[in-house]
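See below for the structure under consideration.
There are 2 protein chains.
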Amino acid sequence: MENQVLERLKWLAEYGKDSQSGITRLVYSDPWLQAQHGLKNWLIQEGFSVDIDAVGNLLASIKGASQPDEVVLTGSHLDSVVNGGIYDGQYGIIGGALAIIDLLKKYGPPKKTLQLAAFAEEEGSRFPYAMWGSRSMFGLAKPEDIDGIVDTDGISMMDAMRELGYSAELSPKQNVTAFIELHIEQGSVLEKENKDIGVVSSIVGQQRFLVTVLGEPNHAGTTPMGYRRDAMKAASFMISRILTLADEAGDPLVATVGNFQLEPNISNVVPGKAIFTLDVRHTNESDLENITHLIKAEIGAIAKKQNVDVKIEAWFTSKPVPMSEKIITLLQESCERKKIPFKPMHSGAAHDSQVIAPIIPTAMIFVPSQSGISHSPLEYTDEQALEKGIEVLAEALHQLAY
Amino acid sequence: MENQVLERLKWLAEYGKDSQSGITRLVYSDPWLQAQHGLKNWLIQEGFSVDIDAVGNLLASIKGASQPDEVVLTGSHLDSVVNGGIYDGQYGIIGGALAIIDLLKKYGPPKKTLQLAAFAEEEGSRFPYAMWGSRSMFGLAKPEDIDGIVDTDGISMMDAMRELGYSAELSPKQNVTAFIELHIEQGSVLEKENKDIGVVSSIVGQQRFLVTVLGEPNHAGTTPMGYRRDAMKAASFMISRILTLADEAGDPLVATVGNFQLEPNISNVVPGKAIFTLDVRHTNESDLENITHLIKAEIGAIAKKQNVDVKIEAWFTSKPVPMSEKIITLLQESCERKKIPFKPMHSGAAHDSQVIAPIIPTAMIFVPSQSGISHSPLEYTDEQALEKGIEVLAEALHQLAY
Numbered sequence: 001m002e003n004q005v006l007e008r009l010k011w012l013a014e015y016g017k018d019s020q021s022g023i024t025r026l027v028y029s030d031p032w033l034q035a036q037h038g039l040k041n042w043l044i045q046e047g048f049s050v051d052i053d054a055v056g057n058l059l060a061s062i063k064g065a066s067q068p069d070e071v072v073l074t075g076s077h078l079d080s081v082v083n084g085g086i087y088d089g090q091y092g093i094i095g096g097a098l099a100i101i102d103l104l105k106k107y108g109p110p111k112k113t114l115q116l117a118a119f120a121e122e123e124g125s126r127f128p129y130a131m132w133g134s135r136s137m138f139g140l141a142k143p144e145d146i147d148g149i150v151d152t153d154g155i156s157m158m159d160a161m162r163e164l165g166y167s168a169e170l171s172p173k174q175n176v177t178a179f180i181e182l183h184i185e186q187g188s189v190l191e192k193e194n195k196d197i198g199v200v201s202s203i204v205g206q207q208r209f210l211v212t213v214l215g216e217p218n219h220a221g222t223t224p225m226g227y228r229r230d231a232m233k234a235a236s237f238m239i240s241r242i243l244t245l246a247d248e249a250g251d252p253l254v255a256t257v258g259n260f261q262l263e264p265n266i267s268n269v270v271p272g273k274a275i276f277t278l279d280v281r282h283t284n285e286s287d288l289e290n291i292t293h294l295i296k297a298e299i300g301a302i303a304k305k306q307n308v309d310v311k312i313e314a315w316f317t318s319k320p321v322p323m324s325e326k327i328i329t330l331l332q333e334s335c336e337r338k339k340i341p342f343k344p345m346h347s348g349a350a351h352d353s354q355v356i357a358p359i360i361p362t363a364m365i366f367v368p369s370q371s372g373i374s375h376s377p378l379e380y381t382d383e384q385a386l387e388k389g390i391e392v393l394a395e396a397l398h399q400l401a402y
Numbered sequence: 403m404e405n406q407v408l409e410r411l412k413w414l415a416e417y418g419k420d421s422q423s424g425i426t427r428l429v430y431s432d433p434w435l436q437a438q439h440g441l442k443n444w445l446i447q448e449g450f451s452v453d454i455d456a457v458g459n460l461l462a463s464i465k466g467a468s469q470p471d472e473v474v475l476t477g478s479h480l481d482s483v484v485n486g487g488i489y490d491g492q493y494g495i496i497g498g499a500l501a502i503i504d505l506l507k508k509y510g511p512p513k514k515t516l517q518l519a520a521f522a523e524e525e526g527s528r529f530p531y532a533m534w535g536s537r538s539m540f541g542l543a544k545p546e547d548i549d550g551i552v553d554t555d556g557i558s559m560m561d562a563m564r565e566l567g568y569s570a571e572l573s574p575k576q577n578v579t580a581f582i583e584l585h586i587e588q589g590s591v592l593e594k595e596n597k598d599i600g601v602v603s604s605i606v607g608q609q610r611f612l613v614t615v616l617g618e619p620n621h622a623g624t625t626p627m628g629y630r631r632d633a634m635k636a637a638s639f640m641i642s643r644i645l646t647l648a649d650e651a652g653d654p655l656v657a658t659v660g661n662f663q664l665e666p667n668i669s670n671v672v673p674g675k676a677i678f679t680l681d682v683r684h685t686n687e688s689d690l691e692n693i694t695h696l697i698k699a700e701i702g703a704i705a706k707k708q709n710v711d712v713k714i715e716a717w718f719t720s721k722p723v724p725m726s727e728k729i730i731t732l733l734q735e736s737c738e739r740k741k742i743p744f745k746p747m748h749s750g751a752a753h754d755s756q757v758i759a760p761i762i763p764t765a766m767i768f769v770p771s772q773s774g775i776s777h778s779p780l781e782y783t784d785e786q787a788l789e790k791g792i793e794v795l796a797e798a799l800h801q802l803a804y
């Protein structure tokens, strides 16, 4: 395995290498298809039997001896964001393959089938349907769900699939008994706390809102303070209050106002309208409900006090997803045995694992992301850290499949 | 005068009428030149002798009998903003002309010369040099000041003037003894307080700043609250604090954050950078200094507490300008005699009067602006209110020139 992981990541990253030193490998595009073919050829050489399913998920198996056939699954997604890095998604595929290859060398054929998935699509960067690959594989998405979904060039998702010979007609996987996804953290907690491994206990739920504050545009010179209905002022009170509440609540809650628009947005006009996004995440469903309920009440109270109107629209919701206690324990024990410093933590980002976890026992292994940077060519994880992640994964797969 | 003012405003507004029901009459443009010619012809018909000076200011005089020749001046600006209304600027010209015509009818020739100015340019909407006309007329601007100043089409201000035969070489006016500018309020104070006339005591000073807040962009899901350097959060604390200070200070202080930009401005990324404008106005120079000093200190303290960097750049400063006590008294006494409800008030907007007031005794008369709207085709003042303004102006000119 030594020195292989980085080499293999760079090799796979050649498919979709873009002009800005990153990877742009959108689902069902030419570079994506070439990556799938390249991966298939390599895995066949390594002794896997490889299938491509009806949505383009690649499934590479090492058949187990036991009857009935049970599958222990690992892997991650093959698609990338626009101008992404070489670790996000790729690491779970390459790392999973190397872990299985290592187990075969050390222990020979497994009892349960070891299977590697390269999910067709997770990011939702080409079509607005994130995690389509894993959802389809486990019966959580159907062809009719993507009716009318098109990319920015107007190409329909179904046409893009048909072009490559995929029907999208898929029977859900029935025989998978466990799934472990290896991934970069995409945050800086492991780096800051000097840990090599994050054992993910849950993936956060999210509630996203669009908040529109309506005041009255007025001349900045001729309108006394007392006659104003200043949308910027009201918004600044709301945002400072929301983020103070989030600070007070602390981990695992996070709240972000990432997008802010003002109208008319002219320096000498009192703003009449402010629109901002609010992204709230928590690992506990009722805590998430409670805090968003409180935030909405505070926004309403501030609007009233500031004499402005406010509209709060929910536009995305996902529930928190706990990982499998059994696999979490198994991963932590592996780290302890190997004396690898680890941290039990949640994932603040979305992953294929959150789709799969409610159906079969699932867990995730994180490795540090330098400065927490992700979705960028600057994404970086040190090779030793990558190898440690693979080592912990291999140990867990061994326990589950042998 | 009856029914004339609105008719004449509409007549003058034909020069530069735009496709969106407003006036677009930028200095030295064709419609601006046509308006100047039209105005000149009308005023000559009404018995004025009309000169156009070397920057394009129109000066229409009714010669006084006294020696040496002393001038009592009224008027306002001929240029408009893009898609402006028919009252801003125009009203001071048409109203001034009608006031003088009325005085001539009632009282015959004046002792001092009565002069009407249609200033070439006040708004700075074509070239970034506001109040060029009045500044030039009183020796406060010189041809070399506009070296390198061009409009958005790359036409230099000097070339635009030369095209019309203006040299910009101008001797400052020496014999003006008083100036009164009639103008719409461009705010809603008179309307809200049910007053017909505003007697302007001073024009506010302004300090404008650009505030740049530098934090760190981070993933909205994977970055715990405690690890963030959130530029949006820091900015919201700064803005809510600034505007609270302004509320507490109250009239005549106003503070406005009218423009706000966030980077990267993506809903699921903690903002790394926020840039906002701050516009602070007050009628008293030391109060203006004190409050901006306090605001800057508070911004610095919040930046420190929020662990972000901040840069505050001053990009525009003007001092408050008091109007002439003598003319203020004269205007207030006129209102009282005529039982016209008036309000002593300051101007929160800039006017030619602030250029002229430090040199010769100057005052302004405001009439109400419906809903405070200005610089828009929706600008509106009721005709009776327009007539009252002219009446008060005529009374003051009578006292000063007869």
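Going down the list, the protein sequences come from chains A and B.
The first sequence runs contiguously to residue 402 in the working numbering.
The second sequence runs contiguously to residue 804 in the working numbering.
Glycine is no exception: its CB is placed at the ideal position from the N, C-alpha and C atoms.
According to the DSSP assignment, B:L518 belongs to the beta strand (DSSP E) that extends over T515 to F521.
Note on A:R25: 16 or more other CB atoms within 10 angstroms of its CB, so buried under the neighbour-count rule.
The CB of A:D230 comes closer than 9 Å to the CB of L645, T658 and V659 in chain B, given here in chain order.
Taken in chain order, the complete beta strand (DSSP E) segments of 3 residues or longer contained in the region 600–678 of chain B are 607–616, 656–658 and 662–665. Here DSSP, grouped into helix, strand and coil, assigns B:T694 to helix. Between the alpha carbons of A:Q370 and B:S776 lies a distance of about 53 Å. In the three-state scheme derived from DSSP, where H, G and I count as helix and E and B as strand, B:K721 is classed as coil. For B:I677, the closest C-alpha among the options B:E687, B:T694 and B:D632 is that of B:D632. Taking 8 Å as the threshold, the shortest C-beta distance from B:P433 to chain A does not fall below it.
Just so you know, the alpha carbons of B:Y489 and B:T783 end up roughly 8 Å apart.
Contact between B:D653 and A:P224 holds, with the beta-carbon distance rounding to 5 Å and staying under 8 Å. Rounded to whole angstroms, the separation of the alpha carbons of B:G535 and B:D689 is 30 Å. In chain order, P110, L114, A394, L397, H398, A401 and Y402 place their CB closer than 8 Å to the CB of A:L103, counting only its own chain and leaving out the 5 sequence neighbours on each side. At a cut-off of 8 Å between beta-carbon atoms, A:N268 makes contact with chain B. Annotation: B:E618 to A:A303 spans about 29 Å, alpha carbon to alpha carbon.
Three or more Cβ pairs closer than 8 Å define a contact, and the region 261–279 of chain A falls short of that threshold against the region 174–192 of chain A. Using beta-carbon distances, A:L330 does not count as an interface residue toward chain B, since no partner is under 8 Å.
Runs of the beta strand (DSSP E) spanning 3 or more residues and lying entirely within the region 313–368 of chain A occur at 342–347 and 362–367, in chain order. Taken atom to atom, the span from the alpha-carbon of A:A246 to that of B:E789 is near 58 Å. Judged by their CB atoms, B:L411 and B:I503 are not nearer to each other than the 8 Å cut-off. Annotation for B:I644: A657, V659, L680, I697, E700 and I701 place their beta carbon closer than 8 Å to its own, counting only its chain and skipping 5 residues before and after. Along the region 294–326 of chain A, there is no position whose C-beta sits under 8 Å from a C-beta of chain B. Straight through space, the alpha carbons of A:E391 and A:E46 are spaced by roughly 19 Å. DSSP places B:S776 in the coil class of the three-state scheme, outside both helix and strand.
In this structure, the CA atom of A:N307 is about 8 Å from the CA atom of A:A234. Annotation note: the region 95–180 of chain A contains the following uninterrupted beta strand (DSSP E) runs of length 3 or greater, listed N- to C-terminal: 113–119. Within the same chain, V606, G607, P654, L655, L690, I693 and P722 come within 7 Å of B:H684 by CB-CB distance, once the 5 residues on both sides are set aside. At a cut-off of 8 Å between beta-carbon atoms, B:L584 makes no contact with chain A. Here B:D598 carries a coil assignment [DSSP, helix/strand/coil].
In summary, the residues of the region 181–202 of chain A whose CB is separated from some CB of chain B by less than 9 Å are E185, Q186, G187, S188, V189 and K192, in the order they occur in the chain. A:R25 sits in coil when the DSSP states are folded into three classes, being neither helix nor strand. For A:D88, no beta strand (DSSP E) encloses it, and the DSSP letter there is neither H nor E. Here DSSP, grouped into helix, strand and coil, assigns B:G418 to coil.
One Cα belongs to A:F260, the other to A:V150, and the distance between them is close to 27 Å. In terms of Cβ geometry, A:F127 and A:V355 do not form a close pair [threshold 8 Å]. The region 11–29 of chain A makes contact with the region 117–127 of chain A: 3 or more CB pairs, one atom from each, lie closer than 8 Å.
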